[in-house]
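Single-structure report; data block below.
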Amino acid sequence: MKTYPHFPKRNDRCLDGIWDFTFLGEDCDLNTIDIKGAGFTGKATVPGCFDTVLPLTGKRGTALYRTSFDLTPGKAGELRFRGLGLWCRVYVDGEALFEGAYPYSGFTVAVPASDKRERVLTVAIDNRFDFDRVPLMEQYFDFYGYGGIYRSVEISELPGKPLRRLEVTTIDPAAGKISLNLRTAYETAESSISAEVTVEGKKQTVALKKGSDGYTAEMTLPGLSPWSPSSPALHEISLETAEDLITERFGLRKITTEQGQVKINGEPVKLLGYCRHESHPQYGPCLPLQQLLQDLHILRDMGCNFIRGSHYPQDPRFLDLCDEMGFMVWEESIGWGQREKSFSSSKFHEQQVHQTRLMVENSYNHPSVVMWGFLNEGASNEEYARPLYEDLFKTIREKDKSRPVTYASMFPFDDLFFDQADIVSINQYPGWYAQGESTRPLEEVPAELDKYREMAKAKGLADKPMIISEMGAGAFYGWRDPHHAHWSEEYQADYLDQLTREITTREDYSGVSLWQFCDSRTYDNKYALGRPRGFNNKGTVDEYRRPKMAYDRVKANFLGYARKG
Ligand code: ADA
Numbered sequence: 071m072k073t074y075p076h077f078p079k080r081n082d083r084c085l086d087g088i089w090d091f092t093f094l095g096e097d098c099d100l101n102t103i104d105i106k107g108a109g110f111t112g113k114a115t116v117p118g119c120f121d122t123v124l125p126l127t128g129k130r131g132t133a134l135y136r137t138s139f140d141l142t143p144g145k146a147g148e149l150r151f152r153g154l155g156l157w158c159r160v161y162v163d164g165e166a167l168f169e170g171a172y173p174y175s176g177f178t179v180a181v182p183a184s185d186k187r188e189r190v191l192t193v194a195i196d197n198r199f200d201f202d203r204v205p206l207m208e209q210y211f212d213f214y215g216y217g218g219i220y221r222s223v224e225i226s227e228l229p230g231k232p233l234r235r236l237e238v239t240t241i242d243p244a245a246g247k248i249s250l251n252l253r254t255a256y257e258t259a260e261s262s263i264s265a266e267v268t269v270e271g272k273k274q275t276v277a278l279k280k281g282s283d284g285y286t287a288e289m290t291l292p293g294l295s296p297w298s299p300s301s302p303a304l305h306e307i308s309l310e311t312a313e314d315l316i317t318e319r320f321g322l323r324k325i326t327t328e329q330g331q332v333k334i335n336g337e338p339v340k341l342l343g344y345c346r347h348e349s350h351p352q353y354g355p356c357l358p359l360q361q362l363l364q365d366l367h368i369l370r371d372m373g374c375n376f377i378r379g380s381h382y383p384q385d386p387r388f389l390d391l392c393d394e395m396g397f398m399v400w401e402e403s404i405g406w407g408q409r410e411k412s413f414s415s416s417k418f419h420e421q422q423v424h425q426t427r428l429m430v431e432n433s434y435n436h437p438s439v440v441m442w443g444f445l446n447e448g449a450s451n452e453e454y455a456r457p458l459y460e461d462l463f464k465t466i467r468e469k470d471k472s473r474p475v476t477y478a479s480m481f482p483f484d485d486l487f488f489d490q491a492d493i494v495s496i497n498q499y500p501g502w503y504a505q506g507e508s509t510r511p512l513e514e515v516p517a518e519l520d521k522y523r524e525m526a527k528a529k530g531l532a533d534k535p536m537i538i539s540e541m542g543a544g545a546f547y548g549w550r551d552p553h554h555a556h557w558s559e560e561y562q563a564d565y566l567d568q569l570t571r572e573i574t575t576r577e578d579y580s581g582v583s584l585w586q587f588c589d590s591r592t593y594d595n596k597y598a599l600g601r602p603r604g605f606n607n608k609g610t611v612d613e614y615r616r617p618k619m620a621y622d623r624v625k626a627n628f629l630g631y632a633r634k635g
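Its first residue numbered 71, the sequence shown is counted upward by one per residue in the working numbering.
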């Protein structure tokens, strides 16, 4: 399944399949990799992770992946990587063209023309932790840092004046009024570009004028159905210039935040769902399409309409499915609990801004993405974090004024940047990481929910919608206990029942993304004491998607809310 954009006039292909593979070891010196002399002794799938399966389970080091593709001699190409990790260097015909560490981000690599038809693509992947080389992903995070090419790789042969993306923004969903922003993959000083734009079989000639970040125009497309969670209508739009043709998919919908509410096309919505890691014991973060769809079927069965893509940019295939099924998604750039070391690193700052911009560019046209986030549980209570928080708000808003921006804060009472966010989002675990002697301190949950609202009132934030972006309790699949103690399925069921009853009956909360959808692998180092099995066990389904007792309780509350409307 090839995600958008499509380039029907080009030789544009997906390179997924079986690639040549070799592991260079745990001590490989990245400065002296001998690409031409490397012997490829094995095979690996792309997408795929080398450290989820034998013989390299759990290993950290450097691996080489190799395949080949054709380009017409004399023609340049562009590779599109939809997500990999942790660090990579991309070589074509032995020449290094790109090096970077943007785990889970989609990015492109320009391939220069050559007189050869068959081109050899080699990708070095390294999954060792090293803050200087990979500042965006560290081992203290509560999710496993895998090594591999997580998502699809595509190659496009470029025409003379190649296009890159056609971004569609809804101005008025009922009237079908949209604006277009065309980004090109070539340098141009032209003041306008003339193109044929086709939507649902209707063709118009449009003159796009040079703007700050591409070429823009407005169009009205009467009669097109708007996108909404209950009726997720999607439309293809094609733009053709003399040399290239690009097809994108979009939905007509507007998301706004007003008077403490989130609204889709002017209608208030309550966001009910889960934080979800892209995680599976066998596949790591490289989920087969079937699993992506099954996850959405499970979430739909439970009455969810909302997914927080924790804690990194999402697989575009997953977002395609969310577009089609009417889910609302919070997408965020990678981040987890960063403190002073990260905030004082200029490299971290720069890469954080870059990956956040990539995310917005890559996912711009997905109607399912209804808000952007960043820096999960970063140091939003510290002044030293201000420059980066401000830069990230600015980076997103410069690029996209059509979606609210938020971040998950773990400092509800001391946060310094809520005033800049469109939605106040809180991660807390009352009744789980509980203080004191009480054995089942469930009463902490409603008491804390009250306190967050009081904080919002006291700080003049009452007009902003408030979301519980994380709250939850752990349970081992199959562990039933007469005491209904911590880690039992009963305690988790009672906890999530109480929490979802609160959220679905209170008007002062715009939603919840429960922590979390499925159990997910983390580290079995010192973490294992709080993360038995080396898993974060707060899933409502376990890592194989088997439902725990909480499943039916959450489902009853979410569906009950949906029925009442
Ligand atoms: C944090 C974090 C999650 C997870 C959670 C937990 O809120 O954002 O990734 O680690 O805590 O399970 O404690």
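Backbone N, C-alpha and C define an ideal beta-carbon position, used for all residues, glycine too.
Practice task
Report whether the distance from the Cβ of D484 to the nearest heavy atom of ligand 1 is below 7 Å.
Solution key: no
Problem - L141 and R189 closer than 8 Å at C-beta - result: yes
Handout entry: H348 to S261 span [Cα, whole Å]
Key = A small correction: the amino acid at residue 348 is Glu; His does not occupy that position in the sequence shown. Spanning the two alpha carbons is a distance of roughly 43 Å.
Exercise for the section: Please state whether DSSP places A598 in a helix, a strand or coil. Expected result: helix
Practice task
Quick one: grab the DSSP three-state call for L628.
Solution key: Note on residue identity: the sequence assigns Phe, not Leu, to residue 628. Helix at F628.
Handout entry: Range of the contiguous alpha helix (DSSP H) that encloses F388
Key = 386-395
Practice task
Pull up the distance between the alpha-carbon of S580 and that of V339, whole angstroms please.
Solution key: 7 Å
Practice task
Report yes if the C-beta of Y561 is less than 7 Å from at least one heavy atom of ligand 1; otherwise report no.
Solution key: no
Exercise for the section: Tell me whether the beta-carbon of F376 lies closer than 8 Å to the beta-carbon of L428. Expected result: no
Exercise for the section: Tell me, please, whether the stretch 444-451 touches the stretch 400-413 by the rule of three or more beta-carbon pairs shorter than 8 Å. Expected result: Output reads yes: the stretch 400-413 touches the stretch 444-451.
Practice task
Below 6 Å CB to CB, which residues in the same chain sit around M619 once its five sequence neighbours on both sides are set aside?
Solution key: E559, A563
Practice task
Please confirm whether any heavy atom of ligand 1 lies closer than 7 Å to the CB of K521.
Solution key: Outside the cutoff, so no.
Problem - Simplified DSSP assignment, three categories, for N435 - result: coil
Practice task
Over the uninterrupted alpha helix (DSSP H) stretch that includes D564, give me the two end residues.
Solution key: Segment 559-575, the alpha helix (DSSP H) holding D564.
Exercise for the section: Starting from Q360, follow the alpha helix (DSSP H) in both directions and report where the run begins and ends. Expected result: 359-371
Exercise for the section: Quick one: grab the DSSP three-state call for Q586. Expected result: coil
Practice task
Go ahead and pull the three-state DSSP assignment for M541.
Solution key: coil
Handout entry: Three-state secondary structure (DSSP) of Y353
Key = coil
Handout entry: Simplified DSSP state of G284, which is helix, strand or coil
Key = coil
Exercise for the section: Could you check which residue in W585, L584, S226, P602 has the C-alpha nearest to that of T592? Expected result: P602
Handout entry: Straight-line Cα distance separating A491 from E224
Key = In a straight line, the C-alpha of E224 is about 36 Å away from that of A491.
Handout entry: Beta carbon of P383 nearer than 8 Å to that of Y561
Key = Judged by beta-carbon spacing, Y561 lies beyond the 8 Å limit of P383, meaning their Cβ atoms are not closer than that value.
Handout entry: Beta-bridge partners of E266, as assigned by DSSP
Key = T275, E310
Exercise for the section: Flag S184 as yes when its Cβ comes closer than 7 Å to any non-hydrogen atom of ligand 1, and as no otherwise. Expected result: Relative to ligand 1, the beta carbon of S184 is positioned no closer than 7 Å to any heavy atom.
Problem - Best match in T286, K273, R510 for proximity to E237 [C-alpha to C-alpha] - result: T286
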